[in-house]
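Everything in the sequence shown is counted per our numbering, starting at 5 for the first residue and increasing by one.
Every residue, glycine too, gets a C-beta built ideally from N, C-alpha and C.
Please read all numbers here as calculations on a predicted model, not as lab measurements.
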Amino acid sequence: MYDRAVENTPRDETSLVESTAPAAGRLSLLVLGEQHIATYPLPTKGDIAIGRSPRSDILIDDASISRNHATLAIGPPLTIRDDGSANGTWIDGRRIAPGEHVEIAASEPVLVGSVTIIIQRRPVPIRPRRLWTHDYFEVRLEEECARAHRNAGMFAVMRVRSDKAAAVQEALTELARMSDVVGEYGPAEYEVLLVDATPHSAQKAVLRFVEGLARRGLAIDIGLACFPHDGATPDELMQHAGRFGRAETASERPLDSSMIISDRAMQEVYRLASRVAVGNISVLILGETGVGKEVLAAHVHRSSPRAAKPYLKLNCSALTETLLESELFGHERGAFTGAVKEKPGLLETADGGTVFLDEIGELPQATQVKLLRVIEERVVLRVGGLEPRPIDVRFVAATNRDLEAEIARGNFRQDLFYRLNGALLVIPPLRERPGEIIALAEGFASHAAKQANLARTPALTRPALEALKRYAWPGNIRELRNVMERAVLLCGGHAITPAHLPLEKMRVTFSGLATPKPPAPPVALDPEPELDRHVTMADLRAPGERAEKQRIVAALQQAMGNQKRAAELLGMGRRTLINKLDRYGIARPRKRRKP
Numbered sequence: 005m006y007d008r009a010v011e012n013t014p015r016d017e018t019s020l021v022e023s024t025a026p027a028a029g030r031l032s033l034l035v036l037g038e039q040h041i042a043t044y045p046l047p048t049k050g051d052i053a054i055g056r057s058p059r060s061d062i063l064i065d066d067a068s069i070s071r072n073h074a075t076l077a078i079g080p081p082l083t084i085r086d087d088g089s090a091n092g093t094w095i096d097g098r099r100i101a102p103g104e105h106v107e108i109a110a111s112e113p114v115l116v117g118s119v120t121i122i123i124q125r126r127p128v129p130i131r132p133r134r135l136w137t138h139d140y141f142e143v144r145l146e147e148e149c150a151r152a153h154r155n156a157g158m159f160a161v162m163r164v165r166s167d168k169a170a171a172v173q174e175a176l177t178e179l180a181r182m183s184d185v186v187g188e189y190g191p192a193e194y195e196v197l198l199v200d201a202t203p204h205s206a207q208k209a210v211l212r213f214v215e216g217l218a219r220r221g222l223a224i225d226i227g228l229a230c231f232p233h234d235g236a237t238p239d240e241l242m243q244h245a246g247r248f249g250r251a252e253t254a255s256e257r258p259l260d261s262s263m264i265i266s267d268r269a270m271q272e273v274y275r276l277a278s279r280v281a282v283g284n285i286s287v288l289i290l291g292e293t294g295v296g297k298e299v300l301a302a303h304v305h306r307s308s309p310r311a312a313k314p315y316l317k318l319n320c321s322a323l324t325e326t327l328l329e330s331e332l333f334g335h336e337r338g339a340f341t342g343a344v345k346e347k348p349g350l351l352e353t354a355d356g357g358t359v360f361l362d363e364i365g366e367l368p369q370a371t372q373v374k375l376l377r378v379i380e381e382r383v384v385l386r387v388g389g390l391e392p393r394p395i396d397v398r399f400v401a402a403t404n405r406d407l408e409a410e411i412a413r414g415n416f417r418q419d420l421f422y423r424l425n426g427a428l429l430v431i432p433p434l435r436e437r438p439g440e441i442i443a444l445a446e447g448f449a450s451h452a453a454k455q456a457n458l459a460r461t462p463a464l465t466r467p468a469l470e471a472l473k474r475y476a477w478p479g480n481i482r483e484l485r486n487v488m489e490r491a492v493l494l495c496g497g498h499a500i501t502p503a504h505l506p507l508e509k510m511r512v513t514f515s516g517l518a519t520p521k522p523p524a525p526p527v528a529l530d531p532e533p534e535l536d537r538h539v540t541m542a543d544l545r546a547p548g549e550r551a552e553k554q555r556i557v558a559a560l561q562q563a564m565g566n567q568k569r570a571a572e573l574l575g576m577g578r579r580t581l582i583n584k585l586d587r588y589g590i591a592r593p594r595k596r597r598k599p
């Protein structure tokens, strides 16, 4: 029976395992929605809250579901009650009145909003949790990232590794909450999505898993990443969680991709970075997501006279405006709700060193004004403070946006751009330096093999090499790292073949979308001397952006306007695709309204 005494406890700190475990084989709830298909085990007795609220026992993230939509009572008899929902609870075409208890039978469909739920009776015991595939886990992780960005929410990702795979798998499915998602990352490695978990509750969840597994005599390696503190994208979170207990600062993160610089353009970028590093000039790094902007920023710091001083990073897109200003400038006690004591900001803490501002293009307008004043005057005023404090820091900023275009749209201050753009470093995407793909892949495979304690690094077969070379890598180096890490785990110590690569995602290459034909020679135009003499940032990046825009348009056409399907073809998340549609001015396909 569900213990209703836990209702006032935050959901992310409440485990429902003890309540659901005794009912492991009798009843389960099948949820069927347009974007939500899942099965939940049910207890033998008790009330089950259904809704969109994180506190609901059955959480259904669908716009048609109210926060507190309905309550399912496990009897006998089985009944359902509508809790005053906006879109109603329907049985046999009849909308039940709010507060009305209606008896239902197993296998009888009930419509809550636009989502169908069905109670299923199983003749044999089932496991209290299902182990999902990695592909399904990736989809849920992308959805959770989008939801957290939209609602300023929090969650965490955990990765677990052990040589006793079957026992760990069984233990994880028993220890996870109903709202968590447990997936199989690869052989002997699992992944857990801790929904609505704060950093504090995520740490408690890790302890719960560790203690529960220890009681079963299981030794594990475990890694944790919290959104948005450890990453704001699925790739960043999975990479951070894959460190298995090693707490690393930004300057200690793996830099193996910077060790392979064979492309002439990349060599020139790093030579220029080393030259500008010796001064105090601000540096602006441009490049697509995953090309290695953070790695290059760390290289600038290590090559500078400030190398022995702090190197601190802030992701400008990962925090709300209030939290962002608090992190940057610090705050005084009582400056806002929750500011129980004074706190120095990132700029004060990094005094004498380097501050890396990632995703600077996402910086709110009000914060841009304050940051400009800090750069010009070299003093910082804490939130709620009256006394400016002098600082000595070097600024390195990075973005995947075209800041000149953002300036034209009024989204980014031109004066701040000029202050940050003391030295401009543009990193070409991986598809424009194909000669590095194999060397990088082999390097990542070697690193993954060491992490997995393999005796030797699995070799790449010729077909696998060809597949890697033909793919356009929209996620760039970060995507290649994740693909190779998973391939090493899947191959089980043998040679890596195409079967160990996500070919269903990479098939866009083979259909020609990721490797578009070279554009036709441009039509001769009257010369424009001014444009020839003043090369802009857009000129430097235009060829790569044109190719990417062509791929996006082609993918949308192939997917008949379905954005989710187009994102799958392109190997990127749906939210990333939407951002790129806005960035390139591509009209979003409109959904057909039902009559």
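query                                                                                                                           : result
Distance CB(G351)-CB(V397) smaller than 8 Å                                                                                     : The sequence shown places Leu at residue 351, not Gly. Yes, Cβ-Cβ distance for L351 and V397 is below 8 Å.
Span of the beta strand (DSSP E) around T358                                                                                    : 358-362
Residue nearest to D87 in terms of C-alpha spacing, selected from V119, S118, I78, I54                                          : I54
Straight-line gap, P502 to P113 (C-alpha atoms, nearest Å)                                                                      : 42 Å
Straight-line gap, R644 to G227 (C-alpha atoms, nearest Å)                                                                      : Nothing in the structure corresponds to residue 644, since the chain is present only between 5 and 599.
Sequence ranges, beta strand (DSSP E) only - wholly within the stretch 281-320, length at least 3                               : 287-290, 315-319
Beta carbon of K1 nearer than 8 Å to that of I590                                                                               : This structure does not reach residue 1, given that the chain is present from 5 up to 599, and the question cannot be answered.
Inter-residue spacing [alpha-carbon to alpha-carbon] between I572 and P348                                                      : Before going on, a small fix: residue 572 reads as Glu here, not Ile. If you take the alpha carbons of E572 and P348, they lie about 43 Å apart.
Sequence-distant residues of the same chain with beta carbon closer than 6 Å to Q372, five excluded per side                    : R417, L420
Whole-angstrom C-beta distance between S183 and L36, which should lie under 8 Å                                                 : Contact doesn't hold; Cβ gap of about 18 Å is too wide.
I100 versus R125: straight-line alpha-carbon distance, rounded                                                                  : 24 Å
Per-residue burial, M488 [other beta carbons within 10 Å of its own, 16 or more giving buried]                                  : buried
Distance between N404 and K297 (C-alpha atoms, nearest Å)                                                                       : 9 Å
Buried/exposed call for T580, threshold 16 Cβ in 10 Å                                                                           : buried
Cβ-Cβ distance between G187 and L494 below 8 Å                                                                                  : no
Boundaries (first-last residue) of the beta strand (DSSP E) holding G227                                                        : 225-231
Opening and closing residue of the alpha helix (DSSP H) in which G389 lies                                                      : Per DSSP, G389 belongs to no alpha helix (DSSP H) and is neither H nor E.
Span separating the alpha-carbon of R460 from that of A499                                                                      : 11 Å
Rounded C-alpha distance that separates I224 from K208                                                                          : 17 Å
Buried versus exposed call for T137 [16 or more other C-beta atoms within 10 Å across all chains shown]                         : exposed
With 16 other Cβ atoms within 10 Å as the buried cut-off, status of K454                                                        : exposed
Same chain, Cβ closer than 6 Å to G291, five either side skipped, listed in chain order                                         : K297, I431
Residues of its chain near P102, where Cβ-Cβ distance is below 8 Å and the 5 sequence neighbours each way are ignored           : D86, D87, G88, S89
Separation of A463 from F448, as counted between CA atoms                                                                       : 12 Å
Euclidean distance between Cα positions of T324 and V106                                                                        : 44 Å
Simplified DSSP assignment, three categories, for R579                                                                          : helix
Proximity winner among A277, N480, E446, relative to L429 (alpha-carbon distances)                                              : A277
Residue range of the unbroken beta strand (DSSP E) whose run includes E366                                                      : Segment: none, E366 is in no beta strand (DSSP E) and carries neither H nor E.
Contacts around A156, its chain only, beta-carbon distance under 7 Å, and the 5 residues preceding and following it disregarded : T324
Proximity to A245 [Cα-Cα], best of A471, R212, L288, E193                                                                       : E193
Residues near I379 by beta carbon distance below 6 Å, same chain, minus five either side                                        : R423
Three-way DSSP call (helix, strand, coil) for P526 in this model                                                                : Note that P526 scores 38 on pLDDT, short of 50, meaning its location in the model is unreliable and no value can be drawn from it.
Member of I123, F399, R569 whose CA lies at the smallest distance from the CA of L318                                           : F399
Residue span of the beta strand (DSSP E) that contains H105, given as start and end                                             : 105-107
Opening and closing residue of the alpha helix (DSSP H) in which Y475 lies                                                      : First-last for Y475: undefined, no H or E at that position.
Cβ-Cβ distance between E148 and F159 below 8 Å                                                                                  : yes
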